[in-house]
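Residue numbers (our numbering): 1 to 748. Where a beta carbon is used, it is the ideal one built from N, C-alpha and C, also for glycine. These numbers were taken from a predicted model, which means no experiment stands behind them.
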Amino acid sequence: MNNAVKSAEPAWYRLFVIVWMMIIAMQWIDYTEPIWYQETTALVTATLFAVALCEALLHARPWLNWTLKSLALIVILRTILGIYIYYPSGPLFPDQARQLLAHSSPYIWFALAAWGLFDLLIRLLTDRAKVIMFLSCNLIALTILDSFTSYYLWGNVAWLVFAGLGWLVCLHFRRFQLKYPQGWVKLRKEPLKITLNIVVIFASVLLIGVSMPAVSPILTDPYTAWKKRGAAVQAPGPGAVPSSETSTISSPNSPEEVLSGYSRDDTRLGDGFEFSYSPVMNVTSDVRSYWRGETRRIYTGAGWADLDKEGRDTHFYAGGGDNSPPLVNRDGGQIETRKVEQIVTMQTDKDYPVLFGGYAISSVEVLDEAPEARPRMHWASKEAELRWNGFSGADPGYAYPKRYKVTAEIPVIPLDELRQASYDALYSSRNVNSQYLQIPANFPQRVRELAEEVTAEGATPYEKMELLQAYLRQNYEYTNKPDLTRKQSEDFVDSFLFEIKQGYCDYYSTSMVMMARSLQIPARWVKGYAPGSMPSIEMMQRFPEMETGYSVSNSDAHSWAELYFGEEYGWIPFEATPGFDTTLLTPEEESVDTWSEDLTEDDASSEEMSGMLDGMDPKALRWVFGISLTTLVLSLLYMFRSELYLALVRIRLGRSLTLAEKISFEVLGVVRRLRRQGLYREEHETMRESFVRWEQDQPELAQLLRPLLTSFEKANYSPDAVLPEHLLEVKELSRKLSKAVKGRNNSA
């Protein structure tokens, strides 16, 4: 709708629109309440109410409207952050102002977004088509969220329908008022009759909606049909086997679906899955690690051979922690290691074939309070796996420890030295298990060629592997649902590199292993869990009872590559999957943990900014603040000078100005500005005489002066109605005329 009609909106209609908008906004706040922090919800809610109140009361005064909104936001922000985040202390300025600035992010962005969205929608939704489109989008969004998430949102949908019906009714009456003003006057004399009719219609619509019986549909809806197509995804077996990131679950009344988790079968990789965020364990550790599970070494072209085909040389391990002899990692290398203790607390009742810990485990102590239960573990020294075989003398349901302590000897990698080590220096003994170089006979040649091409610039094995790692991370898309319709090659790695070109960790890690092997670098495939997440400092302050370790869920199930760099350095993990980063311990002068580096840089930057503020003298801060505030106020006064002038005239007259009066005062303001530019109006001249003389003296201004004069005379002498768009035209002409006169004077 154009600006003319928009400005002619009746006050009652605008008030009702604000009410309907607030009802709809509150439905979204109700949806986000479990997701947002409590202070974020409170801040956004208070901001919306303040903005709505200002919009309802001060719509006709934009400059005052925006000023009060800004002040209200500052007051609300300080009040809510003072309740939830920090306690204001010291003088209001600069101490409390500095505290507010320090704690306002990110909360203020939510409040500003809510304010901006509310103002934008109020100004955009001006006709029935736009309102219906807006309501439809909200309705579709809420129903999708209700169907695809665990949230029950039918109450929100009902409120949305109520607000939508109310909005459409108001639109109807507004159109009626504008089109038939005399009929509207008569209609207003029967408010009770109108209200009762509206209430009956509303109640009937809502009653029908909530009273419909729950019957099974005759036709299957598209969403259910789409979900049931997953019934083709079977439990581990031929056709669709979960990868290392996935496990299959089912219920009696629903088709089986593949969810992320630690798998038991890796013989066929590549199917898509849904992320499961169910908790697995909490790990307390001084060092961020990958929680290593099992390794695989025989690649079949479709996945990794199972344990029966690979075999393991193991020996019995009774546990006992530091009191027992350390476990020997036969291929762990001869470099320095760091001893790290890790406490693992399981948060699931499932059992696993191994105990998890950082590489490499040197001892384990089961901390469960069950003295009659004796753990049965077997250590595979070549693979550095601690296989779990249950408890002896325990209840049948007691299959996996709930809590255990791992002592890990984590290697400290001398990266500079390793990068310079040649192939002959690393593998001179040739004492490498041939299965770590195993490649199927029908392995595609183009994979070998790609590996050679990517690593051609690397002078040493480690440099080549860094190039290979970077290539995989930068050239392929991560997704948990790869498009398998692109697959043509029967080889898993080949189809990923040249056809599918997207996938998850199994794709990247398997490709890293096999491409490394094609370059004669011993490699093996490892599965376990990524480090997980630690609670933020803010969360720990908010909930002191929270566990402080790494929280690991099934969405953290992961696979990666380990490469062998000779007897000196042993096995070193390589992370080829984008978005994941391994932590390598290095000598004290180095750190290659990208995650830690980024965190340290951010902290240093924050401390630097904080130090700059703290170092400034409070008096200097006041001057800076005062000058900035004065500049801002003067800029606003200049930008809204026309509105301020009309507001002063309105106050002086004691009533609102008509459109004709606004045009007259606007033109008079132009005349005053032209006087400062050298175009004088004589006292005896009428407005027309002055404009005609100016046109004769300055012919280049005629195209601006003539329509401005016409608008002035029409506003003062014509019986025709003046429309809001005429006022906008006058303002635009005034701006152009002032600019043209100023430009002429500057050129002269």
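Is it true that the CB of residue j sits closer than 8 Å to the CB of residue i?
{"i": "V741", "j": "Q696", "result": "no"}
{"i": "A561", "j": "V513", "result": "yes"}
{"i": "A441", "j": "Q342", "result": "no"}
{"i": "A437", "j": "P522", "result": "Here the sequence assigns Leu to residue 437, which means Ala is not the residue at that position. Closer than 8 Å, so yes."}
{"i": "I572", "j": "I439", "result": "no"}
{"i": "A163", "j": "I23", "result": "yes"}
{"i": "L426", "j": "F565", "result": "yes"}
{"i": "L269", "j": "T510", "result": "yes"}
{"i": "E490", "j": "G301", "result": "yes"}
{"i": "G319", "j": "P375", "result": "yes"}
{"i": "L48", "j": "A25", "result": "yes"}
{"i": "Y31", "j": "N156", "result": "yes"}
{"i": "E33", "j": "I85", "result": "no"}
{"i": "A451", "j": "S518", "result": "yes"}
{"i": "L737", "j": "L708", "result": "yes"}
{"i": "F273", "j": "V258", "result": "yes"}
{"i": "V344", "j": "N554", "result": "no"}
{"i": "I18", "j": "E55", "result": "yes"}
Thinking C-alpha only, which one of the options is nearest residue i?
{"i": "L153", "options": "Q27, F134, C54 and C170", "result": "Q27"}
{"i": "Y508", "options": "L121, Q334 and L472", "result": "L472"}
{"i": "K309", "options": "Y317, A318, H315 and Y299", "result": "Y299"}
{"i": "D119", "options": "S136, P91, H103 and P62", "result": "P62"}
{"i": "R706", "options": "V287, S690 and D720", "result": "S690"}
{"i": "I361", "options": "F391, P375 and P325", "result": "P325"}
{"i": "M534", "options": "Q698, Y550 and Y352", "result": "Y550"}
{"i": "Y404", "options": "V552, W36 and V283", "result": "V283"}
{"i": "A114", "options": "R98, A42 and Y84", "result": "A42"}
{"i": "A750", "options": "L563, P587, L585 and T586", "result": "With the chain running from 1 to 748 in the structure shown, residue 750 is simply not present."}
{"i": "Y529", "options": "S105, T582 and S738", "result": "T582"}
{"i": "A129", "options": "V185, H172 and E453", "result": "H172"}
{"i": "I132", "options": "G166, P106, V447 and Q99", "result": "G166"}
{"i": "S136", "options": "F148, L168, Q703 and K350", "result": "L168"}
{"i": "S711", "options": "R446, P181, Y37 and K662", "result": "K662"}
Is DSSP giving residue i helix, strand or coil here?
{"i": "L386", "result": "strand"}
{"i": "R403", "result": "strand"}
{"i": "P238", "result": "Note that P238 scores 30 on pLDDT, short of 50, meaning its location in the model is unreliable and no value can be drawn from it."}
{"i": "Q696", "result": "helix"}
{"i": "R524", "result": "strand"}
{"i": "H103", "result": "helix"}
{"i": "I413", "result": "coil"}
{"i": "Q488", "result": "coil"}
{"i": "K731", "result": "helix"}
{"i": "I565", "result": "Checking the sequence shown, residue 565 turns out to be Phe, not Ile. Note: F565 maps to coil in three-state DSSP."}
{"i": "P573", "result": "strand"}
{"i": "S559", "result": "strand"}
Could you tell me if residue i is buried or exposed, where buried requires 16 or more neighbouring beta carbons within 10 angstroms of its beta carbon?
{"i": "R174", "result": "buried"}
{"i": "V144", "result": "Reading off the sequence shown, one finds Ile at residue 144, where the question assumed Val. Exposed, because fewer than 16 other Cβ atoms sit within 10 Å of the Cβ of I144."}
{"i": "W304", "result": "buried"}
{"i": "Q420", "result": "exposed"}
{"i": "R672", "result": "exposed"}
{"i": "L124", "result": "exposed"}
{"i": "H684", "result": "exposed"}
{"i": "V328", "result": "exposed"}
{"i": "W20", "result": "buried"}
{"i": "F93", "result": "exposed"}
{"i": "D265", "result": "buried"}
{"i": "I83", "result": "exposed"}
{"i": "I80", "result": "buried"}
{"i": "W109", "result": "exposed"}
{"i": "R292", "result": "buried"}
{"i": "Y569", "result": "buried"}
{"i": "A384", "result": "buried"}
{"i": "G116", "result": "exposed"}
{"i": "L733", "result": "buried"}
Report back the beta-carbon spacing between residue i and residue j to the nearest angstrom; my notes put them in contact at under 8 Å.
{"i": "V285", "j": "G358", "result": "According to the sequence displayed, residue 285 carries Ser and not Val. The Cβ separation is near 7 Å, so the contact holds."}
{"i": "E567", "j": "Q334", "result": "7 Å"}
{"i": "A373", "j": "R312", "result": "No, A373 and R312 are not in contact; Cβ-Cβ is about 24 Å, not under 8 Å."}
{"i": "R296", "j": "R524", "result": "7 Å"}
{"i": "L386", "j": "Y317", "result": "7 Å"}
{"i": "I74", "j": "A46", "result": "Going by Cβ atoms, the distance from I74 to A46 rounds to 12 Å, so no, they are not a contact pair."}
{"i": "P756", "j": "L659", "result": "Here the chain has residues from 1 to 748 only, and residue 756 is not among them."}
{"i": "P401", "j": "D368", "result": "5 Å"}
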